[in-house]
Structure formats: structure tokens, C-alpha cells
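Quick note on numbering: the sequence shown equals residues -45 to -1, 1 to 601 in mature numbering (1 follows the signal peptide of the UniProt record, and there is no 0).
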Amino acid sequence: MTSSAFGRTSTAARRRNLRHSLTRAAAIAASAAVATAGAVGTAAAAPGRTGPARPAISASVLGPNVVVFDPSMSTAEIQAKVDAIANQQITNQFGPQRYALLFKPGTYGSVADPLRFQVGFYTEVAGLGQNPDDVTINGSVDVYNQSDGTALDNFWRSLSNLHIAVTGPGGNGNSGCYANTEFWAVSQAAPMRRMDVTGNTTFMDYCTGPSYASGGFVADTSFGGATPINGSQQQFYVRNSTMGGWSNGVWNQVFSGDVGAPAQSFGTTNADGSAAAPYTTLDTTPVSREKPYLYVDAHGAYRVFVPAAQKNSKGTTWQGGQTRGRSLPLSSFYVAKPGDSIAKINSALAQGRNLLLTPGVYATNRSIDVKRADTVVLGLGLATIEPDAGNIAMTTADVPGIDVAGIIFDAGAKKSPALLRVGSDHAGRGHGNPHRSSAADPTALQDVFFRIGGAHVGRVDDGLVVNSDHTILDDIWSWRADHGQNAGDVGWTVNTADNGVVVNGDDVTATGLFAEHYQKYNVLWNGERGETIFFQNELPYDAPDQAAWSQHGEPGYPGYKVANSVRTHAAYGLGSYIYTNVNPSLHAANGFEVPNTPGVAMHDMVTISLNKAGTIDHVIDGVGAPVTPTFQGPSDVTFYSNGATS
């Protein structure tokens, strides 16, 4: 098998057979809805200012891969630049190139001359206003079925902090179907944040089949009164957003703190006896902290806004008033570029500077150490850190308010104990050692992604280790690669990794947690009073036999394990899938395992066997029907606590 074929078959094939009928039905319904809406059209903001043609300018302090646009540029010159980057990045799944496309306050495109472009791998598109409506794009910013002819591999990109007034003919050679719609057909690690979208939005590409998608994450976003199209998205999480409803569900659609979200219906039936949509809906989000973002102030100076933490929140942070938080001048940051020494970066951090990582790949032979309270570490353009000496890529101290956002951690060939360690080793529960985490000023990770293998051989013990209490994990994807640039980059004895996410701290909250293919636990939770809202995982594809993938006398590992010592834990909206394509006869005893104690409660769980390869014997702790190559699921358990389902 060639490297190209290897890179495009493993993930893309994993869900097709089971989802074909679901996808077709969703596509038909979605196409009809958009055809109607497209005929009506959408209102758009006034056209942008015109001015003399000149090339797009990178802000020099932010490096050559940050492209900054302003509204004096013509739509044609902006279109040429964004299209050139998209044409390079759409198929560049494991390349080293990274880009941030930033739009200064103003209006871009018009109804007569819309700005519509695609977003490829390792590309961040963001507005530079303090609020989303400070930047308007008349047109759309799209992700279609791209690298493998589906959306299953549409990873590692982002869209944030601007207003899209959806208008104009579509692209991708099919303007009739793509017209007047924002397409964001993505899978994991492709967040949409702090957006105001007026018009139609779809999270599947129903114009170019097959329309498979496996996302996804949206936060702090308004869709106005429109109903986003979920379509074939097998799972999706929407947090603190505003919408006019949700089109449909497949296996696991989760909402928390949203205005206009559908009602709770997971595991129920409709009046005609058919299964209701698998919606898990929480009225509020118990704790959250929105991602820091770069913006330009009224004087033209770059600053970074750091939103404040919220408790029991609902709706966006920016509608009806300014987002609460603090604004930091860019001068308070060490602005790093690939090739900068880690000693220099650590010296700046020790002196109290924050850290801005401009787009690129940062090879490290020692840890980046974040030791001071309220330090912000912000990556632009999916900045990537690769440990190449068996080191941990980044560590943080046990202090309040650290924020790490917008970064990929990519394992090196020499095994690291972890890629990111939050808090010192002694900081976990039950050790009696003092540390200074804070419920009022929690440490937070937003849009932080972990990769073991794929671009090259990678090895770790654990992807992410969280020792600090009161940490927020908001949109985390920890991925042991199932496919790669070359066939030799992945394999059971090649890209080795035990656990995806290990939580030792107490009072840790995960909102949007994705972890896949680890050789032991995708998630191992040792801390007390943990809470997860939305979880997606796939068990490892490539175990050679049952002996290689067994523990404590039972076959396989659960995707989500709460340690036997834990007394209090809660989780909502969880999916565990199996696809053992190397050995389809393999079993996992349970999708989820938790201790039987009254304080541990699990809500709305689903298991699936994909493509007739692999069996999960039970959903949780011996409860729930098996999913097998002959009954692929879904198998649901709506509630489990202390050994009982009610």
C-alpha cells in the first residue's frame, strides 16, 4: 500500500458502512432545507471600502505565516491570498506548514462580490475585533469534504471571532448546491468559537458524497434564529451558544448552556415508537472559561483578551454586553518563532512574560516550563510543539489562572512520559501536599490537541496529565494516530502510547473531551469530583490479538475509566466505539467502567461497533447490550450509578 493510500483509507473507511443510510437520509433532508433557504437568500452587511490594490501584509512581529488583512484591500486580492493558502493546505494533512489568517475590524466582501474561501489543515481564521461583530465577512468561510473525499479527516483548523453574513454562490465546482450556506464539515480538533453567523450553517457537506463527518465543537457562538444542520455528524458538542434549534442527531449530540437547544431526549422514543434524537441537554454549563484571543484596539495596537471564568452560565459571553475578563498588551508577551531556544522562552516566562507562539513547528529538547500564576500561553495557526529528546513538551506549576490554548503537542520518536503535564507530580488528590490552584481563577486548556504518530513516529506514556485541581479542559483531542504520512509512522509497536488523558487533580471539569486509539485507557480519571460534558472515543484499531489488549483478566480496556478509589464523579453524553480492523475478533468487556458508589453517576452513554470489526460486550460495568459485527448498535444506557440503571 502506498503512503498516499495508507493515509486516506484507514480513517475514512472506519464508519461508512454503518452510517450509509443515516447519511443519505440526513443529506436529503439537509439539501431540501438549504435549497429553500438559498432561494430566499440572506441579508448581508454593507460592502467593504475599496482602495488601491496592494499585497496582504503580515504583521512583522507575528512572523511570516500570520497574514493580516484590512478592509482597504480589494476582495480580489484577499481572495487570491486565501485561495493560495487553501490550495496548499487542503491536502496537507501531516505537513509542517502553519498559517493564521487574521482580519482587522471592518467589512469584507459584499452581496455583489462576496468573499468565500476554504480552510485547510493547520489554518486559523480569526477576526481581530474585540467582539465578533467588529469584523464582517459577506460570503462564507468553508470546509467541504476535503483530504479523503469525506470530512472524517478534516482535523486541525479553526474559525473564531467574526461575523459571517452568509451570501453568494458556492465554490467547489458546484455553486448551485453550495450557494448561500456556511459549510463547516469537520471532525475533531476543528473548533468554531465566538462566531456570529447570520444565514444557513451546515456541519456536513451534503453536496459532495459520501457525506461522512465525525466532529465536533462549537462554543460562544450565535446562529441567530437559524437551525444548524447536523446531518451525518455522528457526535457533536455545542456549548454556550444561541440557535434556533438543531436539525437531527446520529449517535451523541450534546448541548450545555445553550439558548434554543433541543430538549433532552437521549434514550427515549417518539409518539410513533421510533427512537428520539440522541440529545443530551444541560440548561447551563457548570464551569467554563473561553479561549483567549488576539485583537486590535482602537489605537491599532495588538492586545490579547483573556475571558474570565464563569459558573452555571448560559448563552454567549458577548451578546448584550462586553465579555468579562482582562486585556493584556502584546508587549507583555514573549512572541516566539520556530527556532527560538527553549532556554530563552523559559527565561521570558520566569520573568513574568506571557507566551505567544507564532505559526510553525517548535522542536524542543527540554520542557517549556510555565511557573507563574495567570500566565497565558497562546498558539496562533495551530502552533505545534514536538519534544525530540524524550522530554515533556510543556509543564505548568500548581498556581492559579494559567491558560494554555490553540496548540498541538506532537510526540517525538524518543518516548516522553507525557506531552503536557498540568501541575507537578505531587499535586494529585490524596497526597497532602499544598498547591495553589483556585476555583475562582481556574487553570484552563482550550483547543489543545495531542498527536502520537501520523506525521512521523511518536511515542509517549501518556498524552495529557492533569495534576492541578480546578482545571478546565475545553475542547481536547488526544489522538494516537490510526493512519499517517507513511505506513511506517503507525502500528501497535511503532506509535506506542498507554493513556490519552490522565486526570489526577480534584474538581477538574471537561467540556468537549475526545480521545482515541490508546493502548490502555483513552481516559483514566483518578481525581475526585470530576465532571465531563461530552466525551467521544474510539478504542485502538490495531491490537494484534486479545492477549496484547487485556487487563485484570478481562478483554480490552474501557474508553473511559473512573478509578475504583473515586467517590464522586459525573459525566453526560458519552460515546465509545470499536473498530479493530487488524483483528476483527477482539472484544472489550465494557465501553465505560466506574466504581459502584452513590456519588458516581453516568448519564447518556452509547457504544457502537464500526464496520463489523470488534465487539464491546457491555456499555458500562456489565450493563447494556453488546455491540458486535452482527449488531453494530447503537447500544444505549441512559443512567448508571451504584450498580443500577435507575
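We put the CB at the ideal spot given by N, CA and C, even for glycine.
Looking at the DSSP output, Gln188 sits in a beta bridge with Ala168.
Looking at the DSSP output, Gly334 shares a beta bridge with Leu312. Less than 8 angstroms separates the beta-carbon of Asn481 from that of Ala518. For Thr464, the pairing in a beta bridge is given by DSSP as Ile427 and Glu486. Ser379 and Tyr289 have their alpha carbons spaced roughly 24 angstroms apart. Looking at Gly180, Ser433, Ala256 and Ser166, the one whose alpha-carbon comes closest to that of Trp111 is Ser433. Counting other Cβ atoms within 10 Å of its Cβ, His254 stays below 16 and is therefore classed as exposed. Comparing C-alpha distances from Pro584 to each of Asn135, Ser601, Ser596 and Asn538 shows the shortest one belongs to Asn538. Across the set Asp324, Val251, Val331 and Ile323, the C-alpha of Val331 shows the shortest separation from the C-alpha of Val261. In the structure shown, Asp576 adopts coil according to DSSP, grouped into three states.
Within the DSSP bridge table, the entry for Pro510 names Ser505 as partners.
With respect to Asn309, Ser286 sits apart: the two C-beta atoms are not nearer than 8 angstroms. For Thr30, the secondary structure class from DSSP, reduced to helix, strand or coil, is helix. Taking a 10 Å sphere around the C-beta of Ser166, we find 16 or more other C-beta atoms and assign the residue as buried. A distance below 7 angstroms between beta-carbons, with the five flanking residues on each side excluded, links Tyr534 to the following residues of its chain, in chain order: Arg(-32), Glu493, Tyr496, Leu565, Asn566, Ala568 and Gly569.
Contact between the region 317 to 334 and the region 343 to 352 is present: three or more C-beta pairs spanning the two stretches fall below 8 angstroms. Between Ala373 and Gly334, the C-beta gap is not smaller than 8 angstroms, which leaves the two residues out of contact. With contacts defined as CB atoms closer than 8 angstroms, Trp139 and Val193 fail to qualify as a contacting pair.
By the 16-neighbour rule on beta-carbons within 10 angstroms, Thr487 is buried. Residue nearest to Tyr248 within the set Ile297, Ser113, Val561 and Ala599 is Ser113 (criterion: CA-CA distance).
For Ala360, the enclosing beta strand (DSSP E) begins and ends at Asp358 to Asp365.
Taking C-alpha positions only, Ile563 is separated from Gln190 by approximately 12 angstroms. In the pairwise beta carbon analysis, the region 502 to 522 is classified as touching the region 463 to 479: at least three pairs are separated by under 8 angstroms.
Collapsing the DSSP output to three states places Ala526 in a strand. Using a Cβ distance threshold of 8 angstroms, Ile184 and Met159 count as a contacting pair.
Going by DSSP, Leu400 is part of the beta strand (DSSP E) stretching over Ala399 to Ile407. Linking Ala556 to Ser27 through their CA atoms gives a straight-line distance of about 55 angstroms. Ranked by Cα distance from Pro581, the options Tyr532, Thr600 and Asn597 are led by Tyr532.
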